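Okay, so here's the structure we're looking at.
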Amino acid sequence: MTVPLRVRALLIAGAAALLLVAFSHDRFWLQFLGKAMITCIFAMSLDLLVGVTGLVSLAHASFFGIAAYLLAGLSNRFGFVNPLLTLPLCLAGAALLALAIGWLSLRASGVYFIMVTLAFTQMLHYFFNDAPGFGGSDGLYVNQRPQIGPLDFSNRTASYLAIWTALVLVYLFLSRILRAPFGHVLAGIRGNEQRMLSLGYPIGRYKLVAFVLAGSLAGLAGYLDATLYGFVNPAQFSWRQSGVLLMTVLLGGKGTLYGPVLGALLLTFVEHYGEQFTSHYNALIGALIIAVVLFLPGGLAGLLRSARD
Amino acid sequence: MTEVLLEADGLSRSFGALTAVDAVSLRFMGGEVHAIIGPNGAGKSTFLNLLSGELRASAGRISFKGQDVSRATPDRISRLGVGRSYQTAKIFGELSCAECVWLAAQSRERTSMRFFRPAEMYPEIALRADRALQACGLQDRRLRLARELSYGEQRQLELGMILATGPQLLLLDEPLAGLSHGEALSVVALLREVSRDRALVLVEHDMDAVFSIAHRVTVLVGGRVLETGTPGQIRASAAVREAYLGTEQP
Amino acid sequence: MTLSLFALQLLNGVEYGLLLFLVASGLTLVFGILGVLNFAHGSFYMLGAYLAYWFAERTGSLLLAMLIGLPLMVLLGLFVERFAIARLYARDHLSQVLLTYGLVLLFNELQRSLFGNEVHGVATPPLLAFRIPLGDQAWPAYRVLTAFACLAVAAAMRQVILRTRFGMRVRAGASNAEMVEALGIDVRRIFSSLFAAGAALAALAGMLAAPLTTVYPGMGEDILIVSFVVVVIGGIGSIKGAFIGALLVGLSDTFGKVLLPGFSSAIVYALMAAVLVFRPRGLLGQPA
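Read top to bottom, the protein sequences are chains A, B and C.
Sequential numbering from 338 applies to the first sequence in the numbering used here.
Sequential numbering from 3 applies to the second sequence in the numbering used here.
Sequential numbering from 48 applies to the third sequence in the numbering used here.
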């Protein structure tokens, strides 16, 4: 899918603006926008499954959470602080979990796939909430944030820049993939699975690879989240986490990659200020989700596209 | 040269108490157009689904060029060189014609697990796709979304997609259904073109078309083979006429 | 484990399974026939439980609470179907998941505003507040009632679906809604009644379960996930499968809690994983 010129301009301007914020040293904005960018990565990774391939997965929170907890574990148990060591390990953990959950879930089709992904995520939620040694419902602190040479990621600016770099790289990476043969196959799977099979594509394999790829990127988001906040908790595996992320993808415009980025940014603002605005905050989000499904199924990206016509 | 491309041996398929396909044994030769006709409910589509691997047979064997494919998945059968069209054209509605054909052409690559080079940089795929678009006559519609095409054009597109996979044998399920007379004529012409160096297995109700391009015709009734012969033999057969009960006089 | 303890757990497991069946069957009916995956199904269970608590507190009778609450839930089901679910019939899975999830959030907020965040106990009806001795154990009489109530509902459901004209229309609608419409039968009516019935089933289960599980904010989500597991284990679109799946889950969960206390919740998921590996279409689902 070609990105419209005005959107491309918007994205570059946005990236530049976000980069400038890094030098503001403003505590609040660094953390707030850092979180927003992490959500952008998280949302794009889900879009690969939902928007591009047509697989509605509720398991994404699992991979985010496992990578975060792995970082906490590696740091607290083994004292590993070098991100060159912890990042690959955490990503590998997320990838392996995605392989296991993906392989099992993809054996079910249609709505059953969706149910199974939710069930497995809930299982992990209960595990990290109840099993001893994982901090229970309070979660865990990451004793030592990643640190390599002079770069200490407990420093907000350093974290922020790392997140910014990751966001840009992930966007470019996924854009590349979409234009490659692999991306075309995923689009075909979304279009008509039966036709893809009768064209000779072993679609099961491609779905699994997409699932693992998406899960690994979700793990990256989780790793960055644990780095930014220095804290992990079972709520990261919650159903709500997956549900709101799914909404972000739809709100932004599924399948476009840049749509979910916009959706994530918007939602981070809504989440933050909504909580201050009303105590019936969940009803607000619920109403928003319903409104988007009924009235804006094409999302913000759809709006941007029709605005240029 | 006529070799046996696809062979069904005692093929049966039941759904509970209903036997849709009953011990059908047929041979499909290279370079031949073999039509399968019969009254509604005769099991023709089910039979095609068995051949394409989309349904598992309850009994019997299928072999392609001597290889047993009775338990092969649809994608494996496609890769062996079999193309399949459906009663309602299965295309990618949200993609353009060019993209639809591209996906079909790309399927012949050794693998599509390629992540970094944009697809356009694979000239072999582009060539295959282009040729297929030309063959099915849709070049000027190449940028149109598939769902915007007319019904007849969608059928052409589907044929183009199958051709892009370079098949030796095509399984076609009522390719002329729902087409206007003019559209049907162009599709028949296309099929005639396509059949020159390929085998076609054609399930159809349009008798004119069947008799104008088929080399051999099989009549299926109640899931069983009633008769197989040349179009002339089938036309003259009393048994066949009786089977149709005067609803469709060949 | 003594024989009576075994018998007790067996009965508990069956009873839990029957409650699960009530919830899971509603879920299966709705997406088997209406084609909609309804995440708010658990909310109906939760609301049923809260209504039972609220009316029971005020009238002193759980039975009266159920008699008042159930019609209310049917009305709610009809309302939700008319204004939300009906818009989902032709739409993709993502839209269905998200819209019904939005409903979950709304219902949660509704529950919170009306009933607060605390956990509430519901008293067992005094008539049934005794235990039936079972060797050296004893089984609460209320659970006997619950089990029988669920069985009665299951039997009634079977009768309706297999023997009545409405059931015939439902089954016809499941296989070919367009055809049914062409025959002049109002598919819309069938769909809304079916959805309301599904909501009522979930609510009834919630009401019956209220004295046993207490009434708490997250109960809708919890039961929904377990229903999903039941449906995946039991099989695609099969009510019989939902029954078997529910009993399996009820029994393994109950025995799991007793035999492997730390891992009890994992057992149910392990069961689901095993079904996915060996019979991906479920125990009673049709093979491809």
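No residue lacks a Cβ here, since even glycine has one placed at the ideal position from N, Cα and C.
Fair warning: this is a prediction, and the values are worked out from it, not measured in the lab.
Original post:
So Q184/C is in the beta strand (DSSP E); what residue range does that whole segment cover?
Top reply: Its beta strand (DSSP E) spans residues 184-187.
Subject >> Per-residue burial, M115/B [other beta carbons within 10 Å of its own, 16 or more giving buried] >> reply: In summary, M115/B is exposed, with fewer than 16 beta-carbon neighbours lying within 10 Å of its beta-carbon over all protein chains present.
Subject >> Beta carbon proximity, P571/A to chain C, threshold 9 Å >> reply: Not one beta carbon of chain C lies nearer than 9 Å to the beta carbon of P571/A.
**OP:** Would you give the residue range spanned by the beta strand (DSSP E) that T494/A belongs to?
**Re:** For T494/A, no beta strand (DSSP E) encloses it; the enclosing alpha helix (DSSP H) starts and ends at 493-516.
**OP:** Give the residues of chain B in contact with P539/A, contact being defined as C-beta atoms less than 7 Å apart.
**Re:** Those within 7 Å of P539/A in chain B are D77.
Original post:
Are there 16 or more other CB atoms within 10 angstroms of the CB of E156/C, so buried, or fewer, so exposed?
Top reply: Residue environment analysis places E156/C among the buried positions, since at least 16 neighbouring C-beta atoms fall within 10 angstroms of its C-beta.
**OP:** Identify the contact partners of H617/A in chain C, using a Cβ-Cβ distance below 9 Å as the criterion.
**Re:** Within 9 Å Cβ-Cβ: E156, R159, S160.
Subject >> Helix, strand or coil at G402/A according to DSSP, with G and I counted as helix >> reply: Annotated three-state conformation of G402/A is helix, per DSSP.
Subject >> Within chain A, partners of Q108/B - CB distance below 7 Å >> reply: Within chain A, the residues near Q108/B are P518, H521.
**OP:** Starting from the Cα of Q143/C, find the closest Cα among F417/A, G447/A, A456/A and give me that residue.
**Re:** The residue with the shortest Cα to Cα distance from Q143/C is G447/A.
**OP:** Could you tell me which residues DSSP pairs with H36/B in its beta bridges?
**Re:** For H36/B, which the question treats as bridged, DSSP gives the partners V203/B, R218/B.
Original post:
Out of L84/C, G64/C, G124/C, Y100/C, which has the shortest C-alpha to C-alpha gap to F242/C?
Top reply: Out of L84/C, G64/C, G124/C, Y100/C, G124/C has the C-alpha closest to the C-alpha of F242/C.
**OP:** Can you tell me which of the three DSSP states Q170/B falls into?
**Re:** Coil.
Subject >> Test: Q251/B CB closer than 9 Å to a CB of chain A >> reply: Low per-residue confidence applies at Q251/B: pLDDT is 49, beneath 50, and the placement is therefore not dependable, though the value from the model is reported in the following sentence. No, because no Cβ of chain A sits closer than 9 Å to the Cβ of Q251/B.
**OP:** Check the Cβ-Cβ distances between S239/B and every residue of chain A, and say whether any is below 9 Å.
**Re:** No, its Cβ sits nowhere closer than 9 Å to a Cβ of chain A.
**OP:** Note down, in chain order, every chain C residue with its Cβ under 8 Å from the Cβ of I526/A.
**Re:** Within chain C, no C-beta atom comes less than 8 Å from the C-beta of I526/A; the nearest is roughly 14 Å away.
Original post:
How about A203/C and F68/C: do their beta carbons lie closer than 9 Å?
Top reply: In this structure, F68/C does not lie closer than 9 Å to A203/C by Cβ.
Original post:
Do I283/C and G332/C have their C-beta atoms within less than 9 Å of each other?
Top reply: Cβ distance < 9 Å, so I283/C and G332/C count as in contact.
Original post:
Roughly how many angstroms separate the alpha carbons of S491/A and F379/A, rounded to a whole number?
Top reply: So the alpha carbons of these two residues sit roughly 21 Å apart.
**OP:** Could you check how far apart the C-beta atoms of V479/A and F568/A are, in whole angstroms? I think they sit under 8 Å.
**Re:** Rounded, the Cβ-Cβ distance is 7 Å, consistent with contact.
Subject >> Distance between G297/C and E62/C (C-alpha atoms, nearest Å) >> reply: For E62/C and G297/C, the distance between alpha carbons rounds to 8 Å.
Original post:
Looking at the structure shown, is Y63/C part of a helix, part of a strand, or coil, going by DSSP?
Top reply: Here DSSP, grouped into helix, strand and coil, assigns Y63/C to helix.
Original post:
How big is the Cα-Cα spacing for L356/A and R577/A?
Top reply: A direct Cα-Cα distance of roughly 30 Å separates L356/A from R577/A.
Subject >> Partner residues on chain A for I272/C, Cβ-Cβ distance less than 7 Å >> reply: What I272/C touches in chain A: L455, A456, Q459.
**OP:** Might you give, ordered along the chain, the residues of its own chain that have their beta carbon closer than 8 Å to the beta carbon of Y189/C, omitting 5 neighbours on each side?
**Re:** Closer than 8 Å at Cβ, skipping near neighbours: T171, P172, L175, A176, P258, L259.
Original post:
For V166/C, is the classification buried or exposed, using 16 other Cβ atoms within 10 angstroms of its Cβ as the cut-off for buried?
Top reply: Result: exposed.
**OP:** Anything in chain A within Cβ reach of E128/C, meaning under 7 Å, just list it in chain order.
**Re:** In chain order: nothing, as chain A lies at least about 15 Å away.
Original post:
Is the beta carbon of A499/A less than 9 Å from the beta carbon of L587/A?
Top reply: Their beta carbons are not under 9 Å apart, which means A499/A does not touch L587/A by this criterion.
Original post:
Which ranges would you report for the alpha helix (DSSP H) in the segment 109-173 of chain B if only whole runs of at least 4 residues count?
Top reply: List check, alpha helix (DSSP H) in window: 125-137, 153-166.
Original post:
Can the beta-carbon of I64/B be found closer than 9 Å to that of L52/B?
Top reply: In this structure, L52/B lies closer than 9 Å to I64/B by Cβ.
**OP:** Taking L554/A as part of the alpha helix (DSSP H), name the residues at either end of that continuous run.
**Re:** It spans 540-566 - the alpha helix (DSSP H) in which L554/A sits, taken as one unbroken run.
**OP:** Just the chain A side, please: which residues come within less than 9 Å of G124/C by C-beta, in chain order?
**Re:** The contacting residues do not exist; G124/C stays about 17 Å from chain A at best.
Original post:
Which ranges would you report for the alpha helix (DSSP H) in the segment 348-396 of chain A if only whole runs of at least 4 residues count?
Top reply: If you keep only unbroken alpha helix (DSSP H) runs of at least 4 residues inside the segment 348-396 of chain A, you get 364-384.
Original post:
Closer than 9 Å, CB to CB, is Y92/C near chain A or not?
Top reply: Between Y92/C and chain A, the shortest Cβ-Cβ separation is not below 9 Å.
Original post:
What's the C-alpha gap between V344/A and D142/B?
Top reply: V344/A and D142/B have their C-alpha atoms some 29 Å from each other.
**OP:** Please report the residue range of the alpha helix (DSSP H) in which L181/B lies.
**Re:** In the DSSP annotation of this structure, L181/B is not part of any alpha helix (DSSP H), being labelled neither H nor E.
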